[in-house]
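For reference, the structure discussed in these notes is given below.
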Amino acid sequence: MCGIIGYIGKRKAIPILIQGLERLEYRGYDSAGVACLPIAKFDRSTDGQEGSGSIHPRFCVYKERGKIAQLKSRINHGFPDAHIGIGHTRWATHGAPSKVNAHPHLGPRGQIALVHNGIVENYDELKSELKRKGSRFKSETDTEVAAHLIESYYHGDLAQAMRLAAKRIKGFFAFVAIARSEPGRICALKRSNPLVVGIGRGEHFIASDVSALLSYTKNVIYLEDNELVELKSDSIRVTRIGSRKRLKKKVSRVDWSVEEAQKGGFRHFMLKEIYEQPRVLEEILEKRAVGKNTIEFDTISAKIQSRLKHTDKIYMVSCGTAYHAGLVGDYLFEDEQLARIPAEAHVSSEFRYSAPLIGRNDAAIFITQSGETADTLAALRQAKKRGVLTIGIVNVVGSTIAREADAVIYTHAGPEIGVASTKAYLAQLMTLSLLSAYLGVLRGRLSKSQLEKFVREAKQLPRKVSEILQNQSAIDQAARALYRKGHFLYLGRGYNFPNALEGALKLKEITYAHAHGYAAGEMKHGPIALIDSEQPVVCLAPRKSRTYDKMLSNIEEIHARQGIIISIATENDQMIKRRSRFIFWIPNTLEQFSPILTAVPLQLFAYKVAVLNCRDVDQPRNLAKSVTVE
Numbered sequence: 016m017c018g019i020i021g022y023i024g025k026r027k028a029i030p031i032l033i034q035g036l037e038r039l040e041y042r043g044y045d046s047a048g049v050a051c052l053p054i055a056k057f058d059r060s061t062d063g064q065e066g067s068g069s070i071h072p073r074f075c076v077y078k079e080r081g082k083i084a085q086l087k088s089r090i091n092h093g094f095p096d097a098h099i100g101i102g103h104t105r106w107a108t109h110g111a112p113s114k115v116n117a118h119p120h121l122g123p124r125g126q127i128a129l130v131h132n133g134i135v136e137n138y139d140e141l142k143s144e145l146k147r148k149g150s151r152f153k154s155e156t157d158t159e160v161a162a163h164l165i166e167s168y169y170h171g172d173l174a175q176a177m178r179l180a181a182k183r184i185k186g187f188f189a190f191v192a193i194a195r196s197e198p199g200r201i202c203a204l205k206r207s208n209p210l211v212v213g214i215g216r217g218e219h220f221i222a223s224d225v226s227a228l229l230s231y232t233k234n235v236i237y238l239e240d241n242e243l244v245e246l247k248s249d250s251i252r253v254t255r256i257g258s259r260k261r262l263k264k265k266v267s268r269v270d271w272s273v274e275e276a277q278k279g280g281f282r283h284f285m286l287k288e289i290y291e292q293p294r295v296l297e298e299i300l301e302k303r304a305v306g307k308n309t310i311e312f313d314t315i316s317a318k319i320q321s322r323l324k325h326t327d328k329i330y331m332v333s334c335g336t337a338y339h340a341g342l343v344g345d346y347l348f349e350d351e352q353l354a355r356i357p358a359e360a361h362v363s364s365e366f367r368y369s370a371p372l373i374g375r376n377d378a379a380i381f382i383t384q385s386g387e388t389a390d391t392l393a394a395l396r397q398a399k400k401r402g403v404l405t406i407g408i409v410n411v412v413g414s415t416i417a418r419e420a421d422a423v424i425y426t427h428a429g430p431e432i433g434v435a436s437t438k439a440y441l442a443q444l445m446t447l448s449l450l451s452a453y454l455g456v457l458r459g460r461l462s463k464s465q466l467e468k469f470v471r472e473a474k475q476l477p478r479k480v481s482e483i484l485q486n487q488s489a490i491d492q493a494a495r496a497l498y499r500k501g502h503f504l505y506l507g508r509g510y511n512f513p514n515a516l517e518g519a520l521k522l523k524e525i526t527y528a529h530a531h532g533y534a535a536g537e538m539k540h541g542p543i544a545l546i547d548s549e550q551p552v553v554c555l556a557p558r559k560s561r562t563y564d565k566m567l568s569n570i571e572e573i574h575a576r577q578g579i580i581i582s583i584a585t586e587n588d589q590m591i592k593r594r595s596r597f598i599f600w601i602p603n604t605l606e607q608f609s610p611i612l613t614a615v616p617l618q619l620f621a622y623k624v625a626v627l628n629c630r631d632v633d634q635p636r637n638l639a640k641s642v643t644v645e
């Protein structure tokens, strides 16, 4: 996610802003910038407007695409004496990573400077309205639209302008702004996206993450949704967006180190990202599942819709964990209750060399967290040469695959720092699930009532993932009992066969133990020879499955050979429980959504085994986050 920092006080603002942004680097970003109000004339060139020596000096704005080190190097050539400023690291959501799209953004007359985390969902509508009133935009971002909107309401009171603008904005956001004519005040407000105020002596801070503040203060105030804060060097005033009544806010003491704070108090980024999954699912559903029976993909044009409606076959092309998402997509697209389109999942490196028989009336979906995976990119280019419709399911906005595909669907999982993918995988599964239902409607196979049931159950998934995260005692027990084992089998059927592969991959990646995933129906064709009293076998057996009885038979066969059975099963399934050494419960859900739930205990089990073996969980040996070479 993006990072925000703001400062007002007696010290020079720029060094504090830069250090704050450096503390937020771990979150991932593609560009960075700062804006400040100099207290005297400043003649050096900036990206924004220069100080004029007037009673209200103009903003000095510095932006760079790339690393904060580049921004820092440029600023170090000389910066103004300013005691108020705001800074931002950007993870692109609207508009490609670029200097012009980097924050801060100014209003049309340069009266306000704004940084923003989140998404303005109705930015296109607001942009059209503002254009009619004379606004001219330099960037592609929703943030610049918000800056223009706030300035349109600005008449000397920044807090009031932000209140009025917030009433017009749909979406989730954290805004922090400063105004030329109010050099002694920072104003900020939030809805869903976090903001925390740092309390100093004769100075105050604001940030999206407490880690940016800990070098200066450990006394903080956490803002709640729809709260607005006005910061001066000697005062803090918090109100509701719809009221001017001052709120009493609790001051909290943070005892984390900077490193601990970057991880949100979690021991590793991987664990933090596992815990972020309910929010990731929630944000995808907020954006895609609109109303009771509507699914929207705003990046799929009418032309792309028409081609998808008449597509003969869908190919899913991806690597590693994303390939497992593609395998789940295979089941989803062919499901008779959803799109019912022939589908095939391919490993990217095999697809590009195997000369698959793709027709011009087929579509190919390229799934990748980074959007830069070398084999997936090469496969995309090969498919485009054949005239196939290409769609990217990508996390990183503006990445190569996002730019080169005919259409792109962003997963909006935010930066994933841990090498072993967790939240990006669930985001891919959620996106594919919604896309399959969307195509079912498009092709006339899914009725409104069927879609309503599907969407209703989808909206329960964030809560159900949270329930799994709150009940880990059985996973802890299994990890402690088995962490010294060197070989694991993972078995699944139907929708959960891909997760047998994914669970085995997670364990291999971060524990270095050997693990192998199989379709459970293949057990008698070889793997059963391995089963004895020392062999752990992870069995994925959710009750609401067309293959439940078959999976139960597999578990009986393992039990008869004294294998160590670790089952992932639907709550209160006594038949599975009686035959299992360890059991990880998941809430009941539709069969199509079961991989989203079974993935979570698989992630947690791998993580706990790795920690007990003292492995480098976030950066396992020999692995890279994004494989950009073949």
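For the sequence shown, the residue numbers in this note's numbering are 16 to 645.
All residues carry an ideal CB built from backbone N, CA and C; glycine is no exception.
query, result
"In three-state DSSP terms, what is LEU296?", "helix"
"Counting Cβ pairs, one atom from each stretch, are 3 or more of them under 8 Å apart for the stretch 465 to 479 and the stretch 604 to 611?", "yes"
"Indicate the three-state DSSP secondary structure (helix, strand or coil) for ILE546 in the structure shown.", "coil"
"CA-CA distance, ARG478 and ASN486?", "13 Å"
"Give, in chain order, every unbroken run of the beta strand (DSSP E) that is at least 3 residues long and sits entirely within the stretch 93 to 137.", "97 to 105, 127 to 135"
"Can you tell me the Cα-Cα spacing of ILE601 and LEU300, whole angstroms?", "20 Å"
"With DSSP run on the structure shown, which of helix, strand or coil describes TYR368?", "coil"
"DSSP three-state call for PHE312: helix, strand or coil?", "coil"
"Residues bridged to LEU243 by DSSP?", "LEU204, THR254"
"Under the assumption that ARG200 contacts GLY125 (Cβ atoms under 8 Å), give the Cβ distance between them as a whole number of angstroms.", "Contact doesn't hold; Cβ gap of about 17 Å is too wide."
"Look up TYR533 in the DSSP assignment and say whether it is helix, strand or coil.", "strand"
"Are the stretch 411 to 420 and the stretch 244 to 263 touching by the rule of at least three beta carbon pairs closer than 8 Å?", "no"
"So does the stretch 526 to 536 actually touch the stretch 561 to 579, counting three or more Cβ pairs closer than 8 Å?", "yes"
"Going by C-alpha distance, which of GLU155, LEU457, LEU229, THR426 is nearest GLY35?", "LEU229"
"Quick one: what's got a C-beta closer than 8 Å to PHE187's C-beta in the same chain, skipping five residues either side?", "GLY133, ILE134, ARG206, SER207, ASN208, GLU298, GLU301"
"Helix, strand or coil for GLU40 per DSSP?", "helix"
"Measuring only the C-alpha atoms, how far is ILE611 from ILE54?", "54 Å"
"Hey, quick one: how far does the beta strand (DSSP E) through HIS339 stretch, first residue to last?", "Where HIS339 is concerned, there is no enclosing beta strand (DSSP E), although the alpha helix (DSSP H) it sits in stretches over 335 to 349."
"Measuring CA to CA, which of THR232, SER464, GLU365, HIS103 is closest to ALA117?", "HIS103"
"How should HIS529 be labelled, buried or exposed, when 16 other C-beta atoms within 10 angstroms of its C-beta is the threshold for buried?", "exposed"
"If we count Cβ pairs, one from each stretch, closer than 8 Å, do we get three or more for the stretch 26 to 33 versus the stretch 268 to 275?", "no"
"Please work out which residues of its chain come closer than 6 Å, Cβ to Cβ, to CYS202, disregarding the five sequence neighbours upstream and downstream, and give them in chain order.", "LEU173, ALA174, MET177, ALA192, GLU245"
"According to DSSP, is HIS163 part of a helix, a strand, or is it coil?", "helix"
"DSSP three-state call for ARG26: helix, strand or coil?", "coil"
"Nearest-angstrom Cα distance between LEU457 and SER321?", "9 Å"
"To the nearest angstrom, how far is it from the Cα of LYS324 to the Cα of ASP139?", "26 Å"
"Check whether the stretch 284 to 298 touches the stretch 380 to 400, taking contact to mean three or more Cβ pairs, one atom from each stretch, closer than 8 Å.", "no"
"Assuming LYS87 and GLY48 make a contact with CB atoms under 8 Å, what is their CB distance in whole Å?", "The pair is not a contact, with the Cβ atoms about 12 Å apart (cut-off 8 Å)."
"If you draw a straight line from the C-alpha of GLN465 to the C-alpha of LEU39, how long is it?", "44 Å"
"Of the residues SER582, LEU129, ASP564, which one's Cα is nearest the Cα of CYS554?", "SER582"
"Mind pulling the beta strand (DSSP E) runs of 3 or more residues that sit fully within the stretch 467 to 541?", "502 to 507, 529 to 534"
"May I ask you to report which of helix, strand or coil DSSP gives VAL409?", "strand"
"Consult DSSP for PHE281 and reduce its assignment to one of helix, strand or coil.", "coil"
"Which of the three DSSP states is assigned to VAL212 in this structure?", "strand"
"Along the alpha helix (DSSP H) that carries GLU440, what are the first and last residues, could you check?", "The amino acid at residue 440 is misidentified as Glu; the sequence shows Tyr. From DSSP, the alpha helix (DSSP H) with TYR440 extends over 438 to 457."
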